[in-house]
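A.B. asks: Protein chains in written order, with the UniProt record's numbering: chain A, 1 to 233; chain B, 1 to 233.
Number of protein chains: 2
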Amino acid sequence: MLDSKSFRAMSCGVYVIAAQDEDTKAGCIVNTLTQVTSKPARVIVAINKDNFTTGVVLSSGRFEASVLAESAPMELIGRFGFRSSADTDKFSDTEIRIDEAGVPYVAEHVVSHMGVRVLSSEDVGSHMLIVGEVEEADVLSTEEPMTYAYYHQVKGGKTPPKASSYEAPDIADDANGSDASQPSDAGVGSGSTPRYGWQCQVCGYIVEIDELPDDFVCPICGVGKENFVRVEL
Amino acid sequence: MLDSKSFRAMSCGVYVIAAQDEDTKAGCIVNTLTQVTSKPARVIVAINKDNFTTGVVLSSGRFEASVLAESAPMELIGRFGFRSSADTDKFSDTEIRIDEAGVPYVAEHVVSHMGVRVLSSEDVGSHMLIVGEVEEADVLSTEEPMTYAYYHQVKGGKTPPKASSYEAPDIADDANGSDASQPSDAGVGSGSTPRYGWQCQVCGYIVEIDELPDDFVCPICGVGKENFVRVEL
């Protein structure tokens, strides 16, 4: 018997992994960063092989890990967690610092950061398991670190399909019948150019619509209407 | 700069790893269990190479991981976390079940368990990093999983020297001057055989003494007087 709910009891944090190779910057969200030895200080992280960031980490041989605080806004998590660095500049709207090795890291809404040199990598299926040595680390604030449980329970966050802990929704969970890839047009305004839209606080997606129907589901990250806020376009 | 306080912000749970090879049972506490892929379900765990359990996991090619609940008593954590399976039967005073592959697992004060087949292992210094495939998993209760932060902040737990996250105490942290390896004899009774002693709730150590001095420190696991309860000898 393999009850996948068993895995949800594993506790973990929420981290931004960042890397740079020549002019290419990349970053993504992970919940798999773990300390494996204390002397020397070594960590592992599992990142999906399809993530753009994974290639930049492996080609540059370094990465930065920022430990997100509970205050981290869903917009930051959505941008780093639900978009691709291949076509999004994830670093433009956030306070970024550069570590001693020249690698950028997210420095706001962050408890601490670590600059890591890659020692080895192992293909474990969908993910690469990367072992690295921490060469630089600083505490940045006294905030509480965000746990993955807090992200789900308090922030209402979702798990993107490329995450280690992703599970396809059960049919029962999807009973409201919305097809996330084809948002309904119901409720679209009268044909005049709308002055307002709604922005998803998980992934940043903006829909140009006057009022969101109750069963609206974000076509990018799958969250419901309660995660959208009205924005002026 | 390498501020080791940076690592304390990484969130993790508390797990009992158990393994059996022929008649030899072994188990220990870890905080390093992490999911690395969801399809197939694979996990990693880092265990100190000096742990007796590590050898049994590697020789048998299997392990069980029990996710401890917040209700887990410090005595259970102390027994699995601060003693060696080489000279202690850790499985005698706890509800144990046997999984489909014949491996025992702790089944009380536990949220879920996973039966894991070892796929590979890598030497990362003081620890072995073991990758495995989850072949069996069940939810055992609806309790809250214990986080490592809860263990430290609510339970008053300590980190044993062989853990991935161990840090030698700072001189400033050790300002009460007690040498954990040489407990003070101050306060020992009048020479008559004591009828009572004090048991450490973290590691199970019993000291035969009438009254504990205020600055008493457990010689096994380093916790203070407040973690001892009076027991009849």
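The C-beta atom is built at its ideal place from N, Cα and C for all residues, glycine as well. This structure is a prediction, so every number in the text was calculated from the model and none was measured.
Which parts of the segment 40 to 94 of chain A are runs of the alpha helix (DSSP H), unbroken and 4 residues or longer, counting only runs that do not cross its ends?
C.D. replies: As far as the segment 40 to 94 of chain A is concerned, its whole alpha helix (DSSP H) runs of at least 4 residues are 52 to 60 and 74 to 82.
A.B. asks: Identify the contact partners of Tyr166 of chain B in chain A, using a Cβ-Cβ distance below 9 Å as the criterion.
C.D. replies: Result: Ser38 and Lys39.
A.B. asks: Please name the residue or residues paired with Cys12 of chain B in a DSSP beta bridge.
C.D. replies: Answer is A:Cys12.
A.B. asks: Show which residues of chain A have a CB atom less than 7 Å away from the CB atom of Pro73 of chain B.
C.D. replies: By Cβ distance, chain A contributes nothing, its closest Cβ being about 18 Å from Pro73 of chain B, past 7 Å.
A.B. asks: Residues of chain B with CB closer than 9 Å to the CB of Lys62 of chain A, please, in chain order.
C.D. replies: A quick correction: the sequence has Arg, not Lys, at residue 62 of chain A. What Arg62 of chain A touches in chain B: nothing, since even the nearest Cβ is about 15 Å away.
A.B. asks: Report yes or no: is there a C-beta of chain A within less than 9 Å of the C-beta of Gly13 of chain B?
C.D. replies: So, interface residue.
A.B. asks: Any beta carbon from chain A within less than 9 Å of Ala175 of chain B's own beta carbon?
C.D. replies: Here the model assigns Ala175 of chain B a pLDDT of 31, short of 50, so the residue's position is not dependable, and the following value carries that caveat. Cβ-Cβ to chain A under 9 Å: no for Ala175 of chain B.
A.B. asks: From Glu75 of chain A to Val202 of chain A, what does the alpha carbon distance come to, in whole angstroms?
C.D. replies: Distance between the alpha carbons of Glu75 of chain A and Val202 of chain A: 6 Å.
A.B. asks: Measure the alpha-carbon distance for Thr37 of chain A versus Tyr196 of chain A and round it to whole angstroms.
C.D. replies: The straight-line gap from Cα to Cα measures roughly 52 Å.
A.B. asks: Does the CB of Tyr148 of chain A have a neighbour CB from chain B at under 9 Å?
C.D. replies: By this cut-off, Tyr148 of chain A is an interface position.
A.B. asks: Below 9 Å between beta carbons: does that hold for His113 of chain B and Ser66 of chain B?
C.D. replies: Yes. Within cutoff.
A.B. asks: Report the rounded CA-to-CA distance for Met146 of chain B versus Val154 of chain B, giving the unit in angstroms.
C.D. replies: Approximately 10 Å between the Cα atoms of the pair.
A.B. asks: In terms of alpha-carbon separation, which member of B:Phe52, B:Ala41, B:Val43 and B:Asn48 lies closest to Arg42 of chain A?
C.D. replies: Considering only alpha carbons, the answer is B:Asn48.
A.B. asks: Here's the rule: buried if 16 or more other CB atoms are within 10 angstroms of the residue's CB, otherwise exposed. What is Val111 of chain A?
C.D. replies: Label assigned to Val111 of chain A: buried.
A.B. asks: Should Lys155 of chain B be flagged as near chain A, meaning a C-beta pair shorter than 9 Å?
C.D. replies: No, no contact with chain A.
A.B. asks: Would you mind stating whether Val45 of chain A and Leu140 of chain A have Cβ atoms separated by less than 9 Å?
C.D. replies: Their beta carbons are not under 9 Å apart, which means Val45 of chain A does not touch Leu140 of chain A by this criterion.
A.B. asks: Please tell me whether Val134 of chain A and Phe7 of chain B are closer than 9 Å, where the distance is taken between their beta carbons.
C.D. replies: Yes; because the gap between Cβ atoms is below 9 Å, this pair is in contact.
A.B. asks: Alpha helix (DSSP H) containing Gln153 of chain A: first to last residue?
C.D. replies: Looking at the DSSP string, the run of the alpha helix (DSSP H) that includes Gln153 of chain A is Tyr148 to Gln153.
A.B. asks: For Cys203 of chain A, write down the residues that DSSP places opposite it in a beta bridge.
C.D. replies: Beta-bridge pairing links Cys203 of chain A to no other residue.
A.B. asks: Report yes if the C-beta distance between Ala163 of chain B and His109 of chain B is below 9 Å; otherwise report no.
C.D. replies: No, the pair does not count as a contact, with Cβ atoms beyond the cut-off.
A.B. asks: For a contact defined as C-beta to C-beta under 8 Å, what are the partners of Asp3 of chain B on chain A?
C.D. replies: Here the neighbours are Ser112, Ala137, Asp138 and Val139.
A.B. asks: Report the residues of the segment 43 to 54 of chain B with a CB closer than 7 Å to any CB of chain A, ordered along the chain.
C.D. replies: Within the segment 43 to 54 of chain B, the qualifying residues are Ile44 and Ala46.
A.B. asks: Report, in whole angstroms, the separation of the C-beta atoms of Pro160 of chain B and Gly224 of chain B, which I expect to be a contact under 8 Å.
C.D. replies: Going by Cβ atoms, the distance from Pro160 of chain B to Gly224 of chain B rounds to 16 Å, so no, they are not a contact pair.
A.B. asks: To the nearest angstrom, report how far apart Phe63 of chain A and Ala18 of chain A are at their CA atoms.
C.D. replies: Near 6 Å, if we compare the C-alpha coordinates of Ala18 of chain A and Phe63 of chain A.
A.B. asks: Determine, using beta carbons only, whether Ala101 of chain B comes closer than 9 Å to chain A.
C.D. replies: Answer no: the Cβ-Cβ gap between Ala101 of chain B and chain A never drops below 9 Å.
A.B. asks: Under the three-state reduction of DSSP, which class applies to Asn25 of chain B: helix, strand or coil?
C.D. replies: The identity of residue 25 of chain B in the sequence shown is Lys, whereas the question assumes Asn. Lys25 of chain B falls in the strand class under three-state DSSP.
A.B. asks: Can you list, in chain order, the residues of its chain with a C-beta nearer than 8 Å to that of Gly55 of chain A? Leave out the 5 residues immediately preceding and following it.
C.D. replies: Same-chain partners within the cutoff: Ala26.
A.B. asks: Answer yes or no: do Cys12 of chain A and Cys12 of chain B have a C-beta to C-beta separation smaller than 9 Å?
C.D. replies: Cβ distance < 9 Å, so Cys12 of chain A and Cys12 of chain B count as in contact.
A.B. asks: Per DSSP, which one or two residues make a beta bridge with Val116 of chain A?
C.D. replies: DSSP output for Val116 of chain A lists A:Phe63 and A:Val134 as bridge partner(s).
A.B. asks: Sort A:Gln20, A:Pro213, A:Arg230 and A:Phe228 by Cα distance to Val116 of chain A and report the nearest one.
C.D. replies: Cα-wise, what sits closest to Val116 of chain A is A:Gln20.
A.B. asks: For the beta strand (DSSP E) containing Glu100 of chain A, list its first residue and its last residue.
C.D. replies: Element bounds for Glu100 of chain A: n/a, residue is neither H nor E.
A.B. asks: Three-state secondary structure (DSSP) at Ser121 of chain B?
C.D. replies: Correct three-state label for Ser121 of chain B: strand.
A.B. asks: From residue 306 of chain B to Gly157 of chain B, what does the alpha carbon distance come to, in whole angstroms?
C.D. replies: With chain B represented from 1 up to 233, any question about residue 306 of chain B goes unanswered, as that position is not in the structure.
A.B. asks: Can you list, in chain order, the residues of the segment 65 to 89 of chain B whose Cβ is nearer than 7 Å to any Cβ on chain A?
C.D. replies: For the segment 65 to 89 of chain B, which is checked against every Cβ of chain A, the residues closer than 7 Å are Val67.
A.B. asks: Under 8 Å by Cβ, that's how I've got Val14 of chain A and Val57 of chain A pegged, so tell me the actual separation to the nearest angstrom.
C.D. replies: Rounded, the Cβ-Cβ distance is 18 Å, inconsistent with contact.
A.B. asks: Per DSSP, Arg230 of chain B is paired with what?
C.D. replies: DSSP, once it has assigned bridges, lists B:Trp198 as partnering Arg230 of chain B.
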